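The opening residue of the sequence shown carries number 119 in the working numbering; numbering runs sequentially from there.
All remarks here apply to the structure that follows.
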Amino acid sequence: MIWQQHLNAWQNADLSDEWRRELQQVEQEQERFDGYLTFGTGGMRGKMGVGTKRINLFTIRRVAKGLGDYVVANGGAEMGVAIAYDSRHHSGAFAKETAKVLAAQGIKVYLSDTIRPTPALSFCVREKGAFAGVVITASHNPSIYNGFKVYDKNGCQITLGVAQEIAGYLENITDIFTIPVRELPNPLVMTLGKEMDDAYLKALTAVVSRPNLLADYGNELRICYTPLHGAGKELVMRGLLENGFSETTMVAEQSEPDGEFPTVISPNPEEENSFELAKKQAKEIQADIILATDPDADRLGVAVLIKQATYQILTGNQLGALLLQYILEAKTSVTGADTIINTIVTGDLGGRIAHDFGINHIQTLTGFKYIGEKIAEMEGTEKNFLFGYEESYGYLIAPFVRDKDAVQAALLTAEMALFYKKEGTTLLQKLTNLYEKFGYHKEHLHTITLDDSDGTAKMNQVIDALRKEPTCIPDITVLEDFLTSKRTNLSTMEMTNIELPKENVLKFYLNDNAWFAIRPSGTEPKCKIYFQTIGETEEIATNAMDELKKRVLAKWD
């Protein structure tokens, strides 16, 4: 059995006393040795610890070797690989191991000298003309996780074809304990330091729509910021302070990098608990707005003052729509060549705003890698990228980065809040204005996690039944099946093609512009269901949402 072979290899390896003690404690846990963590478009992510199915020194060396083989085979050794890391446990050590493995293959390396945001890595790849990039991060997962995320030469997360090619090289690595390394310092390994931060911050000024407003009145907006113990502290704070927002303070208890994330249940700005300390401090300083970034500072959460000492958290869909409206209002003119990009599970309000302004709207599959890919395709054409976003708190304004960027989003959100404050209004009032014009949009994400034993089989059974008989849920009018790339009008049975890569996602449209989308995990018995309803009033939209969720979720009972 493969797990026994892997366990034997660990037992026979030359391990430190610390590794040996941990191995003895877990060697009965077959799951740890049953194969390797999956490598896909998001790279590799998992729990840290001993075993082939964990993130550790040896599995990091394995994936670094596979990446290096890919880089060498494609002539990218001289262009090099840029490496950054976040504040998680062992992230710095894993980054250095990656550099040592790549150097042993004759590959030039740009290694960050401290923690840096994921968008800074994307910027660095482009700035240095590197062939690829690596970030050691597990985004907003709990503290026991880490990961290895790979970027292409455009600074985008790799897409499926590249991931499959790297995975092919990983299959050829039979012994993870004898992978060659070159010790540091090494002439092939160059340091990424403060000069890269300075270059990023210089480029960041492209995000600002109204520089005079910030210069004259930036000190009138009180901002409370929390990096949630992550990598955003330096660039987010400098980005705000150097662009005029002098009344920006950090949550002291969450300002220092700490891979344990001790003050939150989860370091995820999508979750309300992550704002608790920030809300407390915001009340004390009477902040107008709260900004929160996740550990690798690619996602931004925002809470806004609604009345005395009370704050409301905006959803990713809401902030995305507000930023889009602000960007378009700030432009002196727009044309049909101006383009926004979001995903198939992002709410429709942004698309309606784009249509109202007469600009181009493109949708992609879920994941910012697809948005980055579309931006690359637009280069050299008449199309002009304006804004990209997804419902999961990811935004990109200026394409000098090709991934979601919380540093950019924080600066533009602050500018937007200041502009509306000077006009005597608020972000929430602006959002209400959008709802009154385009309908009240309600969105909801529900995650279903099933038992490991038969969970995947049950999940596939429900999805297959909906795929074959979509009308088993009343009022379904259109089915989009992204696995077959077909859109079916269920009234006429007319079918049209979906011009997107294939992915196991189903999207069902109902009357009154409601929809829900089902997106199963490819690696575990977990399924995400995205819902949207629209109503003339908030009450109508909320009631419609409650009814839709009840009907759909009943299929999983």
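Beta carbons are placed, not taken as given, at the ideal position from N, Cα and C, and that holds for glycine.
Quick caveat: nothing in here was measured; it's all calculated off a predicted structure.
How is the alpha helix (DSSP H) around residue i delimited, first residue to last?
{"i": "V580", "result": "573-586"}
{"i": "V672", "result": "Note that residue 672 is Ala in the sequence shown here, rather than Val. First-last for A672: undefined, no H or E at that position."}
{"i": "S209", "result": "209-222"}
{"i": "I294", "result": "No alpha helix (DSSP H) contains I294, which DSSP labels as neither H nor E."}
{"i": "A524", "result": "524-540"}
{"i": "R139", "result": "135-144"}
{"i": "E497", "result": "From DSSP, E497 is part of no alpha helix (DSSP H); its letter is neither H nor E."}
{"i": "V325", "result": "Where V325 is concerned, there is no enclosing alpha helix (DSSP H), given that its DSSP letter is neither H nor E."}
{"i": "Y335", "result": "329-335"}
{"i": "N435", "result": "434-448"}
{"i": "I403", "result": "394-403"}
Going by the CB atoms, is the gap between residue j and residue i shorter than 8 Å?
{"i": "G164", "j": "Y287", "result": "no"}
{"i": "L441", "j": "Y513", "result": "yes"}
{"i": "A516", "j": "A324", "result": "yes"}
{"i": "L229", "j": "I201", "result": "yes"}
{"i": "D529", "j": "V369", "result": "It is Leu, not Asp, that sits at residue 529 in the sequence shown. It is not a contact, given that the beta carbons lie outside the stated cut-off."}
{"i": "V268", "j": "L185", "result": "yes"}
{"i": "C676", "j": "K487", "result": "The question about residue 676 has no answer, for the chain in this structure spans 119 to 675."}
{"i": "A439", "j": "G476", "result": "no"}
{"i": "L418", "j": "Y511", "result": "yes"}
{"i": "F151", "j": "K183", "result": "no"}
{"i": "G490", "j": "N272", "result": "yes"}
{"i": "L504", "j": "D456", "result": "yes"}
{"i": "I233", "j": "P380", "result": "no"}
{"i": "L133", "j": "L125", "result": "no"}
{"i": "I291", "j": "R180", "result": "yes"}
Check the C-beta distance from residue i over to residue j and give it rounded, since I have them as a contact under 8 Å.
{"i": "V307", "j": "A250", "result": "That pair is no contact at about 15 Å."}
{"i": "E654", "j": "K625", "result": "Incorrect: roughly 24 Å between the Cβ atoms, too far for contact."}
{"i": "L483", "j": "L359", "result": "Actually they do not touch by this definition, with Cβ atoms about 37 Å apart."}
{"i": "K540", "j": "Y335", "result": "6 Å"}
{"i": "I178", "j": "E215", "result": "5 Å"}
{"i": "G158", "j": "A281", "result": "5 Å"}
{"i": "A317", "j": "G362", "result": "Not confirmed; about 20 Å, so no contact."}
{"i": "G357", "j": "V525", "result": "5 Å"}
{"i": "R605", "j": "V596", "result": "7 Å"}
{"i": "K522", "j": "D416", "result": "5 Å"}
{"i": "K673", "j": "V580", "result": "6 Å"}
Relative to the alpha-carbon of residue i, which residue among the options has its alpha-carbon at the smallest distance?
{"i": "E338", "options": "N607, I594, Y538", "result": "Y538"}
{"i": "L437", "options": "N460, L125, K401, D334", "result": "N460"}
{"i": "W128", "options": "A222, T296, K271, Y269", "result": "T296"}
{"i": "G434", "options": "Q223, T453, H559, E656", "result": "H559"}
{"i": "S373", "options": "Y335, D412, K401", "result": "D412"}
{"i": "N551", "options": "R605, Y444, T606", "result": "Y444"}
{"i": "I676", "options": "G362, R234, K398, Y553", "result": "Nothing can be reported for residue 676, as the shown portion of the chain is limited to 119 through 675."}
{"i": "N631", "options": "K646, I647, E561, E621", "result": "E561"}
{"i": "Q426", "options": "I652, R139, D593, K397", "result": "K397"}
{"i": "M166", "options": "A321, D572, V144", "result": "V144"}
{"i": "M119", "options": "A131, D132, G153", "result": "G153"}
{"i": "A321", "options": "D675, Y648, R206, V519", "result": "V519"}
{"i": "G429", "options": "T565, G161, M197, C342", "result": "Note on residue identity: the sequence assigns Tyr, not Gly, to residue 429. If we check each option's Cα against that of Y429, C342 comes out closest."}
{"i": "G224", "options": "P305, I493, N502", "result": "P305"}
{"i": "D593", "options": "L601, N629, E587", "result": "N629"}
{"i": "R244", "options": "M314, A131, N661", "result": "M314"}
With 16 as the cutoff for other CB atoms within 10 Å, does residue i come out buried or exposed?
{"i": "W633", "result": "buried"}
{"i": "T567", "result": "exposed"}
{"i": "G348", "result": "buried"}
{"i": "H258", "result": "buried"}
{"i": "D406", "result": "buried"}
{"i": "P638", "result": "buried"}
{"i": "D582", "result": "exposed"}
{"i": "A761", "result": "This structure cannot speak to residue 761, because the chain is shown only from 119 to 675."}
{"i": "E508", "result": "buried"}
{"i": "G640", "result": "exposed"}
{"i": "M613", "result": "exposed"}
{"i": "P387", "result": "buried"}
{"i": "A213", "result": "buried"}
{"i": "H91", "result": "The structure shown does not extend to residue 91, since the chain spans only 119 to 675, so no value can be given for it."}
{"i": "K555", "result": "exposed"}
Does any residue of chain C have a CB that is nearer than 8 Å to the CB of residue i?
{"i": "Y538", "result": "Although the question refers to chain C, the structure presented lacks it and comprises just one protein chain."}
Between which two residues does the beta strand (DSSP E) holding residue i run?
{"i": "Y558", "result": "558-567"}
{"i": "N478", "result": "478-482"}
{"i": "F634", "result": "633-638"}
{"i": "E508", "result": "502-508"}
{"i": "C645", "result": "644-653"}
{"i": "Y228", "result": "227-230"}
{"i": "Q430", "result": "428-431"}
{"i": "R163", "result": "162-165"}
{"i": "F626", "result": "624-628"}
{"i": "M368", "result": "366-368"}
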